[in-house]
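Note sheet for the following structure.
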Amino acid sequence: MKANTKLTATLTLVMTVLLCGILATPALADDRLKSQPGYVDFGDLTELGGAEPSVEISLGGAMLGFVSAAARDAEPELADALGKLRSIRISVFEIGPESMDEARVRADSVSRKLEADDWEPAVVVRSADTSVRMYMKTVGGKVAGMAVMMIEPGSDAVFMNIVGEIDPAQLGQVASQFGVDITDLN
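Counting the sequence shown from 1 gives a position; this note's numbering is that position plus 102.
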């Protein structure tokens, strides 16, 4: 009987350790992502102006690796570009006039943090209607991350962060394959 009790206790301990490891993995992955030079902390993006995001995209390394492998034969340039990324996060909010100030304050705050952390402003468009800010973080001559914040009154506020090695020429090629002209941002 003692052998069964020891075996049960050992199995319980092993299962507990495995369960704790499984439950802790997302938290560890999140901490590893936050330590990447291309990571941007936009703050709490669960709501903006009292509204939840209308679109949320959060692709981590595993999903990006899966998509990269799936695209390898048909779209090798896309597969190569995705294979170098660690994360893509996008939050889109439908905003009205009452949420404009909060969205602008959030974008201003993040912009100040990025500039203090040596992120380079690549595109800045300010007009009465629209605000677009795109920043790039370079490390060792390579782009390690990109942050985009777009605010269009009466329409949307978009917060996007791409973490990982980004080749701007490759990004342009991939974007053009999807009909996106990155030179026409306004």
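C-beta: ideal position from N, C-alpha, C; glycine also. Bear in mind that the values here come from a model prediction, so they are computed numbers and not experimental data.
(1) Sorted by chain position, which residues of the same chain lie with C-beta nearer than 6 Å to Ile190's C-beta, five sequence neighbours on each side aside?
(2) Is it right to say Ala271 is buried, meaning 16 or more other beta carbons lie within 10 angstroms of its own, or is it exposed?
(3) In chain order, which beta strand (DSSP E) runs of at least 3 residues are fully inside the segment 153-185?
(4) Just grab the DSSP bridge partners of Gly247 for me.
(5) Using a 10 Å radius around the Cβ and a threshold of 16 neighbouring Cβ atoms, would you call Val241 buried or exposed?
(6) Pull the bridge partners of Glu254 from the DSSP assignment, please.
(7) Just to confirm, does Pro155 get its C-beta within under 6 Å of one of the non-hydrogen atoms of the ligand SAH?
(8) Consult DSSP for Glu149 and reduce its assignment to one of helix, strand or coil.
(9) Give me whichever residues DSSP pairs with Glu222 in a beta bridge.
(10) Within its chain, find whatever has a CB closer than 6 Å to the CB of Met238; leave out the 5 residues flanking it on each side and keep chain order.
(11) Could you tell me the distance, in whole angstroms, from the CA atom of Ile192 to the CA atom of Ile159?
The structure says:
(1) Within the same chain, Ile190 has close Cβ partners Leu161, Ile264.
(2) Its Cβ having fewer than 16 others within 10 Å, Ala271 is exposed.
(3) Runs found: 157-161.
(4) Answer is Lys239, Val265.
(5) The residue is exposed, with fewer than 16 neighbouring Cβ atoms inside 10 Å.
(6) In DSSP, Glu254 forms a bridge with Asp258.
(7) This structure simply doesn't include the ligand SAH, nor any ligand for that matter.
(8) Looking at Glu149 - three-state DSSP - the assignment turns out to be coil, as it is neither helix nor strand.
(9) Paired residue(s): Met238.
(10) Excluding residues within five positions, the ones whose Cβ falls inside 6 Å are Glu222, Ala224, Val245, Met248.
(11) If I take the Cα positions, the gap works out to 5 Å.
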